[in-house]
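Asks:
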């Protein structure tokens with residue numbers, strides 16, 4: 001049976017992370033993993049809610065070496081926790097917060113002792129060991145589980161590091177604005193650091209000033225792993241950015257203009273990664289150079305009916321993709337939005353993703369999104385709506401700009417102007433949040 005080491009760092013004094021107190025060596029990391037593992041209860045599943053990225057990584061490693069499975073749902077709402085308990089009745093919660101109110105048996109992240117006496121050995125993990133379950137929310141709202149093996153995850157992040165030019169001897173520090181509990185953050189800010197010889201930053205900054213502070217707190221070369229919403233806010237803040245070696249973005253495609261602006265401001269290359277909870281990372285592109293995505297080595301796309309399935313490389317089973325994908329060559333494809341985003345009005349079809357792209361391309365629009373309300377009846381004509389952050393603009397001018405690019409049947413009615421969109425911590429915009437926004441407006445208008 002094949003095995004992979006817990007981390008690819010080899011010298012005991014190699015730096016694996018940066019905390020507020022300074023550098024963390026591999027020896028120290030493994031000692032803390034051992035201390036935490038000794039405190040784990042005799043339960044098989046772990047909900048790792050540590051907000052400090054380094055503590056999350058120690059908790060993840062301790063779970064791996066003790067054979068426990070880390071559960072990574074997209075949210076930690078009371079309803080999600082109830083569903084997680086049904087999925088894994090033996091789950092417990094690891095937290096680094098005194099205010100954690102989750103209804104599970106809890107283990108508070110302990111204060112570690114400065115022990116250097118423990119024998120130095122890098123654990124070897126079977127490639128077939130299931131180390132995590134990530135969850136996507138299905139149409140019913142019930143989290144859908146996707147188990148991940150150690151071998152598949154290691155293969156995925158090594159391919160990512162190779163494609164991004166971060167595989168060994170780069171000595172970079174990865175600073176992430178996305179949480180490690182999200183599949184993107186899990187792979188690109190924790191596992192990729194473990195298996196590329198680089199280090200991770202403990203910080204999880206959200207606001208522009210915090211991002212600059214987190215970058216300045218670690219040595220060069222630095223890699224910023226972020227999302228479009230964080231990068232847009234960083235640009236708009238106009239702050240002086242510390243030197244960056246690379247910017248990585250995911251969770252939603254960037255417009256070519258925003259990508260150009262980011263590269264100009266950061267004075268470095270921006271790379272996008274594409275994947276899903278089901279598959280992990282499968283492709284990359286540099287949007288300032290090409291709209292096409294390039295598959296990672298070994299990954300193949302197979303056309304099947306109206307959709308596409310992915311296989312090969314680290315993907316262990318043939319997996320249906322939820323996006324509208326147009327293969328260009330065996331290695332390249334174009335992305336046209338999600339299958340579920342396709343709307344049909346008066347016999348004309350458009351994707352919400354492409355409509356969002358057009359809306360956000362209008363000068364003066366800071367952020368915006370289209371919303372398709374639920375059908376209210378067979379004879380009722382449902383109209384698209386949109387909400388937008390566009391200081392200084394009004395509805396007539398914005399609709400006139402949209403009319404230049406889209407058919408009138410897709411013009412949003414109503415068009416709601418807001419101060420900010422209800423995006424989550426990864427920059428995504430849940431449909432339920434948009435729905436609540438429009439329902440609140442309707443309630444005010446009818447009052």
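Numbering (full-length UniProt numbering), first residue to last: 1 to 447. Even for Gly, the Cβ is constructed at its ideal location relative to N, Cα and C.
Quick one, which of 256, 2 and 304 has its alpha-carbon nearest residue 126's?
Replies: Comparing alpha carbon positions, the residue from 256, 2 and 304 closest to residue 126 is 2.
Asks: Sorted by chain position, which residues of the same chain lie with C-beta nearer than 7 Å to residue 51's C-beta, five sequence neighbours on each side aside?
Replies: 96, 97 and 204
Asks: Would you list, in sequence order, the uninterrupted beta strand (DSSP E) runs of no fewer than 3 residues that lie entirely inside the stretch 11-76?
Replies: 15-19, 22-25, 45-48 and 69-72
Asks: Would you mind sorting residue 412 into buried or exposed? The rule is 16 or more other CB atoms within 10 Å of its CB.
Replies: buried
Asks: Going along the chain, which residues of its own chain have a beta-carbon closer than 6 Å to the beta-carbon of residue 136, five neighbours each way excluded?
Replies: 144 and 277
Asks: Can you confirm whether the stretch 388-401 touches the stretch 425-438 when touching is taken to mean that 3 or more C-beta pairs between the two stretches lie within less than 8 Å?
Replies: no
Asks: Return the CA-CA distance between residue 449 and residue 437, expressed in angstroms with no decimal places.
Replies: Here the chain comprises residues numbered 1 to 447, so residue 449 is not present and cannot be evaluated.
Asks: May I ask you to verify whether the stretch 145-154 touches the stretch 37-44, counting CB pairs closer than 8 Å and requiring at least 3?
Replies: no
Asks: Which one of 282, 270, 297 and 302 has the shortest CA to CA distance from residue 289?
Replies: 270
Asks: Would you mind sorting residue 189 into buried or exposed? The rule is 16 or more other CB atoms within 10 Å of its CB.
Replies: buried
Asks: For residue 358 and residue 216, what's the separation of their Cα atoms in angstroms?
Replies: 35 Å
Asks: Counting Cβ pairs, one atom from each stretch, are 3 or more of them under 8 Å apart for the stretch 163-183 and the stretch 193-201?
Replies: Judged by Cβ distances under 8 Å, the stretch 163-183 makes contact with the stretch 193-201, as three or more pairs qualify.
Asks: Helix, strand or coil for residue 402 per DSSP?
Replies: helix
Asks: Taking all protein chains shown into account, decide if residue 207 is buried (16 or more other Cβ within 10 angstroms of its Cβ) or exposed.
Replies: exposed
Asks: Taking the beta carbon of residue 356 as the centre, do at least 16 other beta carbons fall within 10 Å, making it buried, or is it exposed?
Replies: buried
Asks: Please state the DSSP three-state secondary structure of residue 248.
Replies: strand
Asks: May I have a chain-ordered list of the beta strand (DSSP E) segments no shorter than 3 residues that lie completely inside the stretch 294-319?
Replies: 300-304 and 307-312
Asks: Looking only at C-alpha atoms, which of 14, 246 and 31 sits nearest to residue 25?
Replies: When the alpha-carbon of residue 25 is set against those of 14, 246 and 31, the nearest one is in 14.
Asks: In chain order, what residues of the same chain lie with their CB nearer than 8 Å to the CB of residue 261, ignoring the 5 residues before and after it?
Replies: 235
Asks: Run through DSSP, which three-state label would residue 377 get?
Replies: Note that residue 377 scores 40 on pLDDT, short of 50, meaning its location in the model is unreliable; the coordinates nonetheless yield the value given after this. Reduced to three states, the DSSP call for residue 377 is coil.
Asks: Could you pull out every unbroken alpha helix (DSSP H) segment of at least 4 residues lying fully inside the stretch 179-244, listed in chain order?
Replies: 208-216 and 228-237
Asks: So, helix, strand or coil for residue 161, using DSSP?
Replies: helix
Asks: Tell me whether the beta-carbon of residue 255 lies closer than 8 Å to the beta-carbon of residue 178.
Replies: no
Asks: Taking the C-alpha atoms as reference points, what is the distance between residue 31 and residue 108?
Replies: 18 Å
Asks: Quick one: residues in its chain with C-beta nearer than 6 Å to the C-beta of residue 62, no 5 flanking neighbours on either side, listed in chain order?
Replies: 33, 36 and 37
Asks: Bridge partners for residue 387 per DSSP, in chain order?
Replies: 369 and 416
Asks: Can you give me the start and stop residues for the alpha helix (DSSP H) that residue 270 sits inside?
Replies: Element bounds for residue 270: not the alpha helix (DSSP H) but the beta strand (DSSP E), 270-276.
Asks: Determine the contact status of residue 242 and residue 53, defining contact as a CB-CB distance below 8 Å.
Replies: no
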